[in-house]
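Quick note, the sequence shown lines up with residues 167 to 264 if you use the working numbering.
Don't be surprised by glycine CBs; every beta carbon is placed ideally from N, CA and C.
Keep in mind that this is a model prediction, so the values were computed, not measured.
Just below is one structure, and these are the notes that go with it.
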Amino acid sequence: MENQPLKNELMKRFELIIEGKVALLDYVEQGEKLLVFTHTFVPNELRGQNVAARLAKCALDDARRQGKKVVAQCSYVATYMEKNREYADLRAEAGPRL
Numbered sequence: 167m168e169n170q171p172l173k174n175e176l177m178k179r180f181e182l183i184i185e186g187k188v189a190l191l192d193y194v195e196q197g198e199k200l201l202v203f204t205h206t207f208v209p210n211e212l213r214g215q216n217v218a219a220r221l222a223k224c225a226l227d228d229a230r231r232q233g234k235k236v237v238a239q240c241s242y243v244a245t246y247m248e249k250n251r252e253y254a255d256l257r258a259e260a261g262p263r264l
């Protein structure tokens with residue numbers, strides 16, 4: 167069975183653990199209706215395995231379920247949203263700089 171990304175609300179990040187290696191996508195909550203995705207990290211050993219895309223999809227799907235808008239300060243998430251237009255409706259008009 168393939169590992170699935172999980173939301174770690176305590177650490178404010180989405181995590182995917184594969185063979186003991188942790189990939190993550192950090193976020194900051196801005197009020198009740200806005201998530202700011204700040205950073206994605208994938209260990210060298212996991213690169214090229216679609217890990218960052220799986221994290222981004224999980225995070226964006228979670229934002230949609232919660233009725234939240236997002237600001238993609240992380241360049242990976244911003245690019246992912248551009249390539250996957252089904253998430254365009256989640257983009258906040260203008261977001262805070264952290």
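- For secondary structure counted as the alpha helix (DSSP H) over 4 or more consecutive residues, the segment 183-260 holds these complete runs in sequence order: 217-232, 241-249.
- Taken through DSSP and simplified to helix, strand or coil, Lys-173 comes out as strand.
- Between the C-alpha atoms of Lys-235 and Ala-225 there is a straight-line separation of about 11 Å.
- With 16 or more neighbouring CB atoms inside 10 Å of its own CB, Leu-201 falls in the buried class.
- Ranked by Cα distance from Val-237, the options His-205, Glu-175, Ile-183, Leu-176 are led by His-205.
- The closest CA to that of Ala-218, considering only Ala-258, Arg-251, Arg-179, is found on Arg-179.
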